[in-house]
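Residue numbers (my numbering), protein chains in the order written: chain P, 48 to 287; chain H, 897 to 1116. Even for Gly, the Cβ is constructed at its ideal location relative to N, Cα and C.
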Amino acid sequence: MIEIRGLHKYFGEVHVLQGIDLDVNKGEVLSIIGASGSGKSTLLYCINALEGIDEGRITVDGVEVHAKSTDINKLRQKLGMVFQQWNSFPHLTALENVALSPRIVRKMSRSDAKKLAARRLEHIGLGDKLNSYPNALSGGQQQRLAIARALAMEPSYMLFDETTSALDPELVGEVLDAMRLLAEEGMTMICVTHEMGFARDVSDRVAYIHDGAIEEIGTPEQIFSNPKSERTSRFLANVR
Amino acid sequence: MESTSIFFTSFKTTDLWFLAEAAYRTLLISGISISLGTVLGLIFGWLLHEGRLISTFILSPFLDIFRSVPLIIQLVLAYNFAPIIGLNIDPFGSGAIVLTIYTTALVANVVRGGIDSVGIPMRRAARSLGMTYWQDMIYVVSPIGIRAVFPAWVGVALGVMKDSALVSVLGYVELLRASQILITRTQEPFLILALAGAFYFALSFPIARFSERLEKRWSQ
């Protein structure tokens, strides 16, 4: 379980996160929607400590993320993350991309890591691209590769940061399908997204963030069909 | 005319050996400087990238001095300054030290560029997989950065090898100095300079070819 309490975050003078309280339960899919610059990606970065926090507390399975005594590299293995930019390691084949961290972080043997990587890539439909270098893959394939790479660490949670925003429209579907598959398998997911269809269909809960605070959170039906907040309905009217 | 032959004698095959030995000295002093300078350049380049205060106020200006003052001035200054502070260093020693510092200054900036070329998103991706700072450095930043700046490093290495000719002003008998000696004796500047040029070419060609093949392999 991920618990966020009274989270504040500043970038210089800018108050990006203004007191976030949020619980994410095991097996839940939470979508975070909101305008660009509302702080939703920053929130995600705070959860695995790629960004520091200024006030408040985040715990993952009872371990405080930002405590000095926390072994953050160990904790991050529980928190897979996929970014807007796919960030494939360009010098490694698809197989090596996925096998690298299991080998060096989880200390698996080279052959075990490769077997695991091959399984992960086949699962996500890249079984025929094991030995391709990223520059020979499409954006959608590279983003699926990034998902497989994160999953190879066998995380308990997956964080998705606008994973389809940098993709050509015709490539969005395959990445969303991969995420759907993952949700069906019971993965706990936090998805920062602009894909309202995905948020509505796949999520258990949807949170709308406005100016660094959670304006409204609830089931997809509540948020999309019956929003309580004026701001939420205005935002949804604009993105539709 | 007979009397002049005492001073000027024609080019002999043993002179070729003399040049080859000098080429070896060029190779020696540049090899040492490039190797040491690259190792130091890696450390200082990393500091330039990482250590904000130290690099801005101390390291960066210091390296800039060695990059911008003409090498020949650095050599003469160092060679004449050493005895003043009680050091007795031969031309080879002072030449190697100055060339090493000069190489360090150049390589440090190449290395900094290499590390900078790996963007923050890429490094965050690596860290998000649970890699430590150094695992990220070794397995992600290094291979990507090296590929990006390897041609620049080869340029530095080849440049330093040719610039090592300047150590001749201190009396170290490397290729250029040896050629001057031979020219004085044989009065055949064209032949001898052409030979010296051929030796320089023979020294740099393998490096250039090797790097070309590496780059080709990487681009696949």
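Residue i (DSSP reduced to helix, strand or coil)
i, result
"Arg196 of chain P", "helix"
"Ala82 of chain P", "coil"
"Met897 of chain H", "Reliability fails at Met897 of chain H, whose pLDDT of 46 lies under 50, so the model's placement of it is uncertain and the value that follows must be treated cautiously. DSSP places Met897 of chain H in coil when its eight states are reduced to three."
"Leu206 of chain P", "strand"
"Tyr57 of chain P", "strand"
"Glu242 of chain P", "coil"
"Gln269 of chain P", "helix"
"Val935 of chain H", "helix"
"Ile954 of chain H", "helix"
"Glu1108 of chain H", "helix"
"Gly66 of chain P", "strand"
"Glu50 of chain P", "strand"
"Ile985 of chain H", "coil"
"Ala114 of chain P", "coil"
"Gly127 of chain P", "strand"
"Val18 of chain P", "No answer is possible for residue 18 of chain P: it lies beyond the span of chain P, which begins at 48 and ends at 287."
"Tyr1035 of chain H", "helix"
"Val107 of chain P", "strand"
"Thr235 of chain P", "strand"
"Ala165 of chain P", "helix"
"Ile256 of chain P", "strand"
Top-ranked residue by Cα proximity to residue i, from the options
i, options, result
"Ile100 of chain P", "P:Val107, P:Gly109, P:Asp108 and P:Thr89", "P:Thr89"
"Ile79 of chain P", "P:Asp224, P:Glu209, P:Leu218 and P:Asp118", "P:Glu209"
"Leu283 of chain P", "P:Ala260, P:Gly244 and P:Val249", "P:Gly244"
"Ala1122 of chain H", "H:Glu1084, H:Ser1013 and H:Ile980", "Since the first residue shown for chain H is 897 and the last is 1116, residue 1122 of chain H is missing from the structure and cannot be characterised."
"Leu139 of chain P", "H:Ile1077, H:Ala1104, H:Pro1102 and H:Pro1039", "H:Pro1039"
"Glu143 of chain P", "P:Val129, P:Met128, P:Lys162 and P:Gln131", "P:Lys162"
"Thr1028 of chain H", "P:Arg123, P:Arg167, P:Val219 and P:Leu168", "P:Arg123"
"Ile264 of chain P", "P:Gly53, P:Ser83, P:Leu69 and P:Glu111", "P:Leu69"
"Gly1010 of chain H", "H:Val1063, H:His945 and H:Phe1101", "H:His945"
"Phe962 of chain H", "H:Thr1000, H:Pro1047 and H:Ala1022", "H:Thr1000"
"Phe997 of chain H", "H:Ile980, H:Asn976, H:Leu971 and H:Phe977", "Just to set this straight, residue 997 of chain H is Ile in the shown sequence, not Phe. Of the candidates H:Ile980, H:Asn976, H:Leu971 and H:Phe977, the one whose C-alpha sits nearest the C-alpha of Ile997 of chain H is H:Leu971."
"Arg281 of chain P", "P:Ile119, P:Ala82, P:Ile51 and P:Arg150", "P:Ala82"
"Asp258 of chain P", "P:Ile51, P:Glu232, P:His55 and P:Ile49", "P:His55"
"Val1065 of chain H", "H:Asn976, H:Ile950 and H:Thr952", "H:Asn976"
"His62 of chain P", "P:Leu77, P:Ser85, P:Ile51 and P:Arg52", "P:Ser85"
Cβ-Cβ separation, residue j to residue i (assumed contact under 8 Å), whole Å
i, j, result
"Lys125 of chain P", "Tyr204 of chain P", "6 Å"
"Ser135 of chain P", "Gln189 of chain P", "5 Å"
"Ala193 of chain P", "Leu1025 of chain H", "Actually they are not in contact, since the Cβ atoms of Ala193 of chain P and Leu1025 of chain H sit about 10 Å apart, beyond 8 Å."
"Ala1098 of chain H", "Ser1075 of chain H", "14 Å between Cβ atoms; not a contact."
"Val1036 of chain H", "Ala1022 of chain H", "4 Å"
"Ala978 of chain H", "Ile969 of chain H", "Not quite, the Cβ-Cβ distance comes to about 15 Å (not below 8 Å), so this is no contact."
"Leu214 of chain P", "Arg191 of chain P", "So it is not a contact: roughly 11 Å between Cβ atoms."
"Ile925 of chain H", "Ala974 of chain H", "Between Ala974 of chain H and Ile925 of chain H the Cβ distance is about 14 Å, and since that is not below 8 Å, they are no contact."
Closer than 9 Å at the beta carbon, the chain P residues around residue i
i, result
"Ile1040 of chain H", "Phe136, Pro137 and His138"
"Arg1020 of chain H", "Tyr92, Leu97, Met128, Phe130 and Asn134"
Chain-ordered chain P contacts of residue i [CB-CB under 7 Å]
i, result
"Pro1017 of chain H", "Phe130, Gln132 and Asn134"
"Val1036 of chain H", "Phe136"
"Arg1043 of chain H", "His138"
Within chain H, the residues that residue i reaches when beta carbons sit closer than 7 Å
i, result
"Gln124 of chain P", "Gly1026"
"Leu173 of chain P", "Going along chain H, no residue has its Cβ under 7 Å from Leu173 of chain P, so there is no contact; the nearest lies around 17 Å."
"Ser148 of chain P", "Leu1025, Gly1026 and Met1027"
"Met200 of chain P", "Leu1025 and Gly1026"
With 16 other Cβ atoms within 10 Å as the buried cut-off, status of residue i
i, result
"Arg157 of chain P", "exposed"
"Ile939 of chain H", "exposed"
"Asp911 of chain H", "buried"
"Asp248 of chain P", "exposed"
"Phe1086 of chain H", "exposed"
"Lys275 of chain P", "exposed"
"Pro983 of chain H", "Looking at the sequence provided, one finds Leu at residue 983 of chain H rather than Pro. Its Cβ having fewer than 16 others within 10 Å, Leu983 of chain H is exposed."
"Phe271 of chain P", "buried"
"Val1095 of chain H", "Per the sequence shown, residue 1095 of chain H should be read as Phe rather than Val. By the 10 Å Cβ count, Phe1095 of chain H comes out buried."
"Trp133 of chain P", "buried"
"Met897 of chain H", "Unreliable placement is indicated for Met897 of chain H, whose pLDDT of 46 sits below 50; no coordinate value is reported for it."
"Ile1034 of chain H", "exposed"
"Ala183 of chain P", "exposed"
"Phe207 of chain P", "buried"
"Ile67 of chain P", "buried"
"Leu995 of chain H", "buried"
"Val1052 of chain H", "buried"
"Arg287 of chain P", "exposed"
"Gly74 of chain P", "exposed"
"Glu232 of chain P", "exposed"
Residues that residue i contacts on chain H, provided the C-beta gap is smaller than 8 Å
i, result
"Ile194 of chain P", "Per Cβ cutoff of 8 Å: no residues; Ile194 of chain P is ~12 Å from chain H at best."
"Ala197 of chain P", "Ser1024 and Leu1025"
"Asn144 of chain P", "By Cβ distance, chain H contributes nothing, its closest Cβ being about 10 Å from Asn144 of chain P, past 8 Å."
"Asn178 of chain P", "Those within 8 Å of Asn178 of chain P in chain H number zero; the least Cβ separation is about 12 Å."
"Asn273 of chain P", "The premise fails here: Asn273 of chain P is roughly 36 Å from chain H at the closest Cβ pair, so nothing lies under 8 Å."
Where residue i meets chain P, residues with beta-carbon distance less than 8 Å
i, result
"Gln1031 of chain H", "Ile151 and Val152"
Closer than 9 Å at the beta carbon, the chain H residues around residue i
i, result
"Asn28 of chain P", "Nothing about residue 28 of chain P can be reported from this structure: the residues present for chain P run from 48 to 287 only."
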